[in-house]
């Protein structure tokens, strides 16, 4: 995989050389410029993956240069990180307003400098930065008896990474789903013969297809039709004519939910083999178990309407009127969903959403934006801020309930996936030292994932990691320090992967990560992210040794299952060979095992 390229625009020679030296330690390519004008020319010519921009530059200042970058169609997607030695409280907001993606004060902390850049060098989706690195195309089935409607929906989804098929009636749709289950179905309601409601009912009654998300696409806008769709089991609605951005937002939201469902099912299958725990979660529900909704709305009339919609339903609703009250509530109370109005006093909904999603303690709270803004593009600024979904005023009751149902379900799946890590439910499947799963559980998990990949025609990536010169750490600092390093490595790996991935200690100082639905490019990104996170680990008492050089490093091998009858054992073997190629090539690096049997770059 080609190294990521970073452009450093900095007029101070010492600072520029320092930044470039640190970046090269992280195996990044570097470019340099001493002023904004030169930097813009280099950016045009080389298209870097990230720009570090000093604010105080001779001639054109850094913020002006950033504004030009964000206006240029061929450059606007490049993240820009502002650098300044004169950090005033308002400077960060100025940088963000100019289009910068982040802000770092000088002098920089060299120990965490690379860690702070890593998120901006990962692939991102609106509102889900760094969450997904799926390489295979998600499969969408469009069902409509009008070929023109199918073409329109295909065109609206063409920019997304989907594999699209179609059916002209309900019978054909059911047949195609049985032959090759899609990841999502866009289903017209009004069709001759079997209508969309009946197709939905049949899909949801079948254990093999009940978890496939169904979005009903309809020209019918009456409340009773949406109620009938919900009763049939539909997951969401879209009204004709379909808005492109709304379509993409709905599709992305339901595909993420399905990913959580699929992964939890794999964990549950594994647990049935190792533990009797899997049935113990079905405890008697109490009022305290009801979803907690925080309604943030300064308009009393709108707030009463939403509360009336929820009256009689199993939700605990608390109403606040401004942004500060939102932040206070989520810091002191359990909140599952925030119904968040965009136009709030003190702090608007966009800023509140950003703060919620940036905090490790609150980022799993589901944010449902509610707004009367007419421009859908500006409305979806909420998605960029991290919102999980949105509703347009005046709010339709059935749409509100559909959105809440999906978000509550997603929140519960995320919590249960976290619980698989955090709850010490069985010593039979966990490694006590690292806090990760053990080898037996990982082997079974990989076997199930490969079978699922065979059925769904997807990929699975496997990372095999080994700490470099770990015996030397034990000899120099003692086995207690070695144990602390292993524990910290487990924490770093977990912080670098998704909830739907699996990390395990495979034995000794060797670790394994399974990445479902991930191909070569995504796997290499995750491997590099893990490698960089591990090398930031500090060893107490070793501060005087080789300052600036990472003491804890890992070599990583990558192998991809790509639906070619490869067994779990052979996949592990391929990742292991790639790992040893990384060792032979100098350690602290990532190597991929290719189809021809030769590690990439070996």
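Numbering (my numbering), first residue to last: 192 to 793. Built from N, CA and C at the ideal position, the CB exists for glycine as well. In this text, all values refer to a predicted model and were calculated from it rather than measured experimentally.
1. Residue 593 and residue 632: beta carbons closer than 8 Å?
2. Mind checking whether residue 743 and residue 728 have CB atoms under 8 Å apart?
3. At 4 residues or longer, and completely inside the segment 205–278: list those alpha helix (DSSP H) runs for me, N to C.
4. So which of 670, 415, 751 and 274 has the shortest CA-CA distance to residue 718?
5. Write down the C-beta distance between residue 362 and residue 385 rounded to the nearest angstrom, noting that I regard them as a contact closer than 8 Å.
6. Just list the residues that DSSP pairs residue 597 with in beta bridges.
7. Would residue 562 and residue 521 qualify as a contact pair, given that the criterion is a beta-carbon distance under 8 Å?
8. Enumerate in chain order the residues of its own chain whose CB-to-CB distance from residue 763 is below 6 Å, with the five nearest sequence positions on each side excluded.
9. Under the assumption that residue 529 contacts residue 517 (Cβ atoms under 8 Å), give the Cβ distance between them as a whole number of angstroms.
10. For residue 204 versus residue 226, is the C-beta distance shorter than 8 Å?
11. Thinking residue 713 and residue 773 are a contact (beta carbons under 8 Å), I'd like their distance in whole angstroms, please.
12. In whole angstroms, give me the CA-to-CA distance for residue 452 and residue 580.
13. Nearest to residue 725 by alpha carbon, out of 683, 715 and 404?
14. Starting from the C-beta of residue 556, find all residues in its chain whose C-beta is less than 8 Å away, skip the five residues before and the five after it, and write them out in chain order.
15. Give the range of the alpha helix (DSSP H) segment to which residue 561 is assigned.
16. Sorry if obvious, but does the Cβ on residue 761 come closer than 7 Å to a heavy atom of the ligand PLP?
17. Since residue 697 is in the beta strand (DSSP E), which residue starts that stretch and which ends it?
18. Would you mind stating whether residue 250 and residue 271 have Cβ atoms separated by less than 8 Å?
19. Quick one: measure Cβ to Cβ for residue 700 and residue 657, integer angstroms, because I've assumed they're closer than 8 Å.
20. Determine, using beta carbons only, whether residue 348 and residue 355 come nearer to each other than 8 Å.
21. Taking residue 776 and residue 768 to be in contact with their CB atoms under 8 Å, please state how far apart those CB atoms are, rounded to whole angstroms.
22. Does the distance from the CB of residue 403 to the CB of residue 377 come in under 8 Å?
23. Within a Cβ cutoff of 6 Å, which residues of the same chain sit near residue 220, ignoring the five residues on either side of it in sequence?
24. Tell me the DSSP secondary structure of residue 444 in three-state form.
25. Going by the beta-carbon positions, is the gap between residue 234 and residue 246 smaller than 8 Å?
26. Measuring CB to CB, does residue 716 end up less than 8 Å from residue 747?
27. On a Cα-Cα basis, can you pick out the residue from 676, 628, 670 and 706 that is closest to residue 641?
28. Under a Cβ-count criterion, where at least 16 other Cβ atoms within 10 Å of its own Cβ denotes burial, should residue 410 be classed as buried or exposed?
29. For residue 222, which residues in the same chain have their Cβ closer than 8 Å to its Cβ, ignoring the five residues on either side in sequence?
30. Return the first residue and the last residue of the alpha helix (DSSP H) that residue 631 is part of.
31. Which of helix, strand or coil does DSSP assign to residue 410?
32. So, helix, strand or coil for residue 759, using DSSP?
33. Just mark residue 523 as buried or exposed, buried being the case when its beta carbon has 16 or more other beta carbons within 10 Å.
34. For residue 671, does the count of other Cβ atoms within 10 angstroms reach 16, so buried, or fall short, so exposed?
35. With a threshold of 8 Å on Cβ separation, who are the neighbours of residue 269 within its own chain once the five nearest residues in sequence on each side are excluded?
36. Alpha carbon to alpha carbon, how far is residue 690 from residue 766?
Considering the structure as presented:
1. Result no, Cβ atoms of residue 593 and residue 632 do not sit closer than 8 Å.
2. A Cβ-Cβ contact shorter than 8 Å links residue 743 with residue 728.
3. Within the segment 205–278, the complete alpha helix (DSSP H) runs of at least 4 residues fall at 227–237 and 253–262.
4. If you compare the alpha carbons of 670, 415, 751 and 274 with that of residue 718, the shortest gap goes to 751.
5. The Cβ separation is near 6 Å, so the contact holds.
6. The partner list for residue 597 (beta bridge, DSSP) is empty, contrary to what the question assumes.
7. Against a cut-off of 8 Å, the Cβ pair of residue 521 and residue 562 comes out as no contact.
8. By the criterion of a C-beta distance shorter than 6 Å, residue 763 is surrounded by no residue of its chain, once the five residues flanking it on both sides are discounted.
9. Indeed they touch by this definition, with Cβ atoms about 7 Å apart.
10. Result no, Cβ atoms of residue 204 and residue 226 do not sit closer than 8 Å.
11. Not a contact, Cβ separation roughly 18 Å.
12. Note on geometry: alpha-carbon atoms of residue 452 and residue 580 lie some 18 Å from one another.
13. Measuring C-alpha to C-alpha distances from residue 725 to each of 683, 715 and 404 identifies 683 as the nearest.
14. Counting only Cβ-Cβ distances below 8 Å, and skipping sequence neighbours, we find 521, 526, 527, 528, 529, 547 and 602.
15. Taken as a continuous stretch (DSSP letters only), residue 561 belongs to no alpha helix (DSSP H), being part of the beta strand (DSSP E) at 557–562.
16. Only the bare structure without any ligand can be found here, which leaves the ligand PLP out of the picture.
17. Counting along the chain, residue 697 sits inside the beta strand (DSSP E) bounded by residues 693–698.
18. Their beta carbons are not under 8 Å apart, which means residue 250 does not touch residue 271 by this criterion.
19. Contact holds; Cβ gap of about 6 Å.
20. Contact flag set, yes.
21. At roughly 13 Å, the Cβ-Cβ gap does not stay under 8 Å, so residue 776 and residue 768 are not in contact.
22. Going by C-beta atoms, residue 403 is not nearer than 8 Å to residue 377.
23. These residues qualify, in order along the chain: 194 and 196.
24. DSSP places residue 444 in helix when its eight states are reduced to three.
25. It is not a contact, given that the beta carbons lie outside the stated cut-off.
26. Result no, Cβ atoms of residue 716 and residue 747 do not sit closer than 8 Å.
27. Selected option, being the one with the closest Cα: 706.
28. Classification for residue 410: exposed.
29. Excluding residues within five positions, the ones whose Cβ falls inside 8 Å are 196, 197, 198, 199, 233, 237 and 239.
30. In the DSSP assignment, residue 631 falls within the alpha helix (DSSP H) that extends over 630–647.
31. When secondary structure is reduced to three states using DSSP, residue 410 falls in the coil class, being assigned neither helix nor strand.
32. The DSSP-derived three-state label of residue 759 is helix.
33. Exposed: under 16 other Cβ atoms inside 10 Å.
34. With fewer than 16 other beta carbons inside 10 angstroms of its own, residue 671 counts as exposed.
35. Here the set comprises 234, 238, 239, 240, 241, 242 and 260.
36. Across the structure, residue 690 and residue 766 are spaced so that their CA atoms are roughly 22 Å apart.
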